[in-house]
Structures are given as C-alpha cells and as structure tokens.
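Just below is one structure, and these are the notes that go with it.
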Ligand code: GTQ
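In the UniProt record's numbering, the protein residues as written are 1 to 348.
Here it is, written out as structure tokens:
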C-alpha cells in the first residue's frame with residue numbers, strides 16, 4: 001500500500017514530523033482515525049446492475065475466442081464499477097458469468113475458495129462435485145464448497161450460462177488461497193446422480209452422520225423446482241414488509257448456511273408489492289429468476305428483468321418494487337459477519 005497522503009492543511013511543523021516518521025514506515029493515526037473507524041459502514045463499492053440482454057452476446061462471443069479447456073473457466077467477471085481491477089462485486093465477493101458450449105469440459109480442479117452457481121440460460125450442462133454429477137437446470141442453486149473437486153461439462157446442444165459467486169476477495173484478503181488441478185479433465189462418477197440429495201437433503205441423514213456447525217453441507221444442489229415450491233407455498237400467507245416472501249438456503253444437517261463464507265437466499269414478491277426500505281452490513285448480489293421490477297439502491301434506481309444481476313453494497317438502503325410476480329436469488333457474506341458478531345440490519 002502507498003504511504004498515506006499528508007493532508008494539505010496541517011502545520012509545517014507537523015508536516016515535517018509526518019515526513020520524518022514516514023521514513024520509518026510510520027504514520028499518524030489521528031489523521032486517518034475517522035476513516036478507519038467510521039460511524040457507520042462507508043463501503044467503497046457502488047450500486048450497479050448488469051442487464052443480461054445487453055451482455056449475453058458478449059458472453060457468447062467469448063465462446064468464439066477461447067475454448068473452455070484453454071480458459072480453464074470461461075468467465076466474464078462482473079466487476080463493481082467502483083472496484084475495477086479487483087475482480088470483486090463487493091469487498092468480499094466475486095461474481096462472474098460462465099459459459100460452456102456443447103461438448104466442452106471445464107476441467108476438474110479444487111481450491112480453498114468456495115463457489116456457488118445459479119443456472120440462468122440453456123440446458124444440458126452438468127457440474128460434478130467430489131465424484132457426483134448434477135444436471136444444471138435453470139434456477140438450480142449449486143455449490144462447490146472449499147477444497148471440493150469440481151468440473152463442468154455440457155452434454156446438450158446449446159450454450160449454457162450460469163452466474164458464479166465465489167468468496168475470492170475474502171480468501172485473498174486472508175491470504176489463504178490454495179488450488180490443485182485434477183489428474184483427469186472429468187472426474188470419474190463414484191456415486192449416481194441424486195445420491196447426495198437423497199442422503200442428506202430429504203429431511204433424513206445417514207444414521208451415524210455428524211457435522212461440526214461450520215462444515216459445509218454435502219447437499220450440493222438445491223433444485224429450483226423445490227425452491228419455487230417453498231416460495232409459492234409461503235406466498236399463500238402474509239408477506240413480510242421488508243422482504244415479501246424470503247427464505248435462506250441451509251445445510252439441512254445443521255441449519256447453518258450451506259457454506260461458511262457465503263449465504264444464499266430466495267425471495268418471491270407478488271406483482272405490485274413494494275418493500276419497506278432495508279439496509280444491512282452484508283453487501284449482497286441479486287439475480288432475477290422470474291418477473292421484473294424496480295430496485296432502489298441508495299440514490300440509484302434500476303429496472304430489472306429476468307437474469308439481470310444487481311449489487312447492493314453494505315449499508316446502502318434498498319427498496320424493491322415488483323412489476324410482475326418476481327423471484328430473486330441472492331448471496332452475501334452474511335454468515336461470516338454473523339459468526340464474528342458483526343452483522344447488523346436496519347428495518348426502516
Ligand atoms: O468454476 O471453478 O468464476 O474456479 C472463478 C473461479 C469459476 C469454477 C469462477 C473458478 C470457477
């Protein structure tokens with residue numbers, strides 16, 4: 001990091017002092033204390049929205065320029081406009097749009113960064129996680145927890161695009177990144193498709209199975225058909241003023257977040273519903289799965305429709321208005337903040 005710029009309005013005596021101590025890599029706290037310990041969060045991240053209709057062609061163009069094998073992961077990173085060059089959509093989280101063409105394989109690897117996928121466009125792709133494949137269907141929420149082997153492939157006849165959410169900036173901040181390449185591009189299937197969901201994701205668990213509260217779930221796909229059924233089920237009841245009908249995804253063995261660093265949520269807003277203003281310390285990435293509406297984020301306002309992605313930075317007040325019956329998926333670093341006792345919200 002650069003040495004702190006010395007403010008212009010300090011006395012000559014202090015300026016000389018700051019310069020003298022700077023040679024020892026020292027700097028005065030009192031010049032920066034307000035910025036270091038702000039009264040409320042002052043995220044450098046900006047509100048932003050990516051219109052899928054405007055960027056889909058650019059994603060497909062990447063498919064003509066580089067193969068999945070050469071790229072390893074053919075992804076366009078969604079960079080927060082105020083954090084360009086940092087591969088970050090919030091201070092702690094990464095987002096990208098990954099493309100896999102028919103017949104391609106994104107080769108097996110594993111890393112300490114945790115990842116989630118939200119399938120947006122096309123059919124016929126799969127993700128394999130630690131020896132089990134899952135077919136990727138629109139709206140499916142798929143996870144590859146830290147250090148699990150994963151590869152992706154497309155057995156269908158159309159391009160498949162999904163949203164990747166990773167904790168890359170968090171792991172970078174902690175200097176805890178490790179990665180390995182697999183020996184083979186595609187993992188051998190050691191369990192049939194659906195095995196993990198049947199064992200761990202159907203209100204039952206293997207009889208001797210126990211997990212520490214922080215361990216990620218063995219359920220690595222949360223099918224949209226189930227998510228939607230739950231959202232429509234609760235939407236028969238009263239809506240919450242701030243969220244409409246909102247649920248969080250869990251590790252069914254512990255009730256904790258599916259992965260310790262990234263929390264994920266789904267919510268349903270009925271046509272015409274307007275949420276009360278809300279803010280929280282977990283900067284959050286949203287993608288619209290169904291419907292359309294308007295989101296206010298601080299001073300910004302955006303129309304959104306299916307597959308549009310938007311980001312609400314920490315402590316920015318947000319408000320949603322649904323123009324049609326609308327379903328949103330979202331993810332944030334809330335479980336980290338909650339584990340550390342840092343998370344706060346304000347229901348206005
Ligand atoms: O699919 O494993 O967007 O490792 C970035 C890093 C996706 C992946 C990303 C990754 C992956």
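Just so it is clear, CB atoms sit at the ideal spot from N, CA and C, and this is done for glycine as well.
Nothing here was measured: the structure is a model prediction, and the numbers come from that model.
Boundaries of the beta strand (DSSP E) around residue 161: 160-166. For residue 50 and residue 82, the gap between their C-alpha atoms comes out near 14 Å. The three-state secondary structure of residue 226, taken from DSSP, is helix. The C-beta of residue 330 has 16 or more other C-beta atoms within 10 Å across all chains shown, which makes the residue buried. With a cutoff of 7 Å on beta-carbon distance, residue 159 and residue 124 are scored as not near each other.
Distances from the alpha-carbon of residue 136 to those of 149, 120 and 150 put 120 closest. Using a 10 angstroms sphere on the CB of residue 296, the tally of other CB atoms reaches 16 or more, which defines it as buried. Relative to the non-hydrogen atoms of the ligand GTQ, the Cβ of residue 75 comes within a distance shorter than 6 Å of at least one. DSSP lists 345 as the bridge partner or partners of residue 280. Placement of the Cβ of residue 208 at a distance of 6 Å or more from every heavy atom of the ligand GTQ is found.
Note on the segment 29-92: whole beta strand (DSSP E) runs with a minimum of 3 residues are 48-50 and 75-77, in chain order. The continuous alpha helix (DSSP H) containing residue 335 extends over residues 334-339. Straight through space, the alpha carbons of residue 341 and residue 35 are spaced by roughly 21 Å. At least one heavy atom of the ligand GTQ falls within 6 Å of the beta-carbon of residue 96.
Residue pairing by DSSP puts residue 126 in a beta bridge opposite 135 and 153.
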